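Enquirer: In my numbering, the protein residues as written are 289 to 473. Submitted below is the structure of interest, expressed as structure tokens.
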Amino acid sequence: MISAGEFRNGATYEEDGNVYQIVEFQHVKPGKGAAFVRTKIRNVITGAIIDKSYNPSEKFENAFVDRRDMEYSYNDSGLYYFMDKETYEMIPVATADLPENFKFVKENTDVKVLSYKGKVFGIEPQFFVELVITQTDPGFKGNTATNTLKPAILETGAEVRVPLFIEEGEKIRVDTRTGEYMERA
């Protein structure tokens, strides 16, 4: 059990059948009235962020989110399969449970699989990935002076904006959190 007075950033707890993670908290002691804890919490299943206030003595059940390193193996008819590297067990995950930034993950890449009580609710790809550009407009010599960007299709099918001097077949580094081009690899 954890009380609202013991909240810390990153702590997870269960309330009304939902699992929440503390994003931000603040202990407030007004001049008049009782103290309270103002929080910004994220529902770990849906990703929704809400603001909520608690009495510091309120108690909640601790929630343990399992974060396992797994390898993305393949997809087949709407299911994506991840292999546990210790037990070699294959875990299927529906397309709806994949985050937007999963489009930067190629087969045989390590990811973190998030689950609560055995139910997978999310995938965390690596922060930076190196991918090959499969389609983009040709680059021209001298196109390095401006900050102009052009669209490029990566080997996973994702589209990113790259500088004009980048050419088809080059390997680039992409930040999966923002979906932005970082540098040549």
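C-beta atoms are modelled at their ideal positions from N, C-alpha and C, and glycine is treated no differently. These numbers come from a predicted model, not from an experiment.
Scan the segment 404–455 and note each continuous beta strand (DSSP E) run of 3 residues or more that stays entirely inside, going in chain order.
Expert: Fully enclosed beta strand (DSSP E) runs of 3 or longer: 407–412, 416–424, 437–442 and 447–451.
Enquirer: Given a cut-off of 8 Å on the beta-carbon distance, is the pair Glu359 and Lys373 in contact?
Expert: Against a cut-off of 8 Å, the Cβ pair of Lys373 and Glu359 comes out as a contact.
Enquirer: Can Arg461 and Glu418 be called in contact, C-beta distance under 8 Å?
Expert: In this structure, Glu418 lies closer than 8 Å to Arg461 by Cβ.
Enquirer: Does DSSP classify Phe390 as helix, strand or coil?
Expert: Here Phe390 sits in helix by DSSP.
Enquirer: Once you ignore the five residues that flank Arg356 on each side, which residues in its own chain have a CB closer than 6 Å to its CB?
Expert: Here the set comprises Val401.
Enquirer: Whole-angstrom Cβ separation of Glu395 and Ser361, contact assumed at under 8 Å?
Expert: So it is a contact: roughly 7 Å between Cβ atoms.
Enquirer: Assuming the contact rule is C-beta atoms closer than 8 Å, Val332 and Phe295 should be a hit. Round their C-beta distance to whole Å, please.
Expert: Not confirmed; about 15 Å, so no contact.
Enquirer: For Asn441, which residues from the same chain have a beta carbon less than 6 Å from its beta carbon, with the 5 sequence-adjacent residues on both sides left out?
Expert: Per the sequence presented here, residue 441 reads as Ile, with Asn not at that position. For Ile441, where only same-chain residues beyond five positions count, the Cβ hits under 6 Å are Thr422, Gln423 and Glu447.
Enquirer: Should Gln414 and Thr464 be called a contact, given that it needs their Cβ atoms to be closer than 8 Å?
Expert: Yes, the pair counts as a contact, with Cβ atoms nearer than the cut-off.
Enquirer: So, are the CB atoms of Glu302 and Phe348 less than 8 Å apart?
Expert: Closer than 8 Å, so yes.
Enquirer: Identify, in the order they occur along the chain, each residue of the same chain with its Cβ nearer than 6 Å to the Cβ of Gly492, setting aside the five sequence neighbours on each side.
Expert: The question about residue 492 has no answer here: the residues shown for the chain are numbered 289 through 473.
Enquirer: Thinking C-beta only, is Glu455 closer than 8 Å to Pro426?
Expert: It is a contact, given that the beta carbons lie within the stated cut-off.
Enquirer: Look at the Cβ atom of Val381, then the Cβ atom of Tyr368, and state whether they are nearer than 8 Å.
Expert: Closer than 8 Å, so yes.
Enquirer: Going straight from the alpha carbon of Ser341 to that of Val399, what length do you get?
Expert: Taking the straight line from one Cα to the other gives about 34 Å.
Enquirer: Might you give, ordered along the chain, the residues of its own chain that have their beta carbon closer than 7 Å to the beta carbon of Ile338, omitting 5 neighbours on each side?
Expert: Here the set comprises Ile329.
Enquirer: May I ask which residues mark the beginning and end of the beta strand (DSSP E) holding Lys347?
Expert: Lys347 to Asn350 is the span of the beta strand (DSSP E), which, as asked, contains Lys347.
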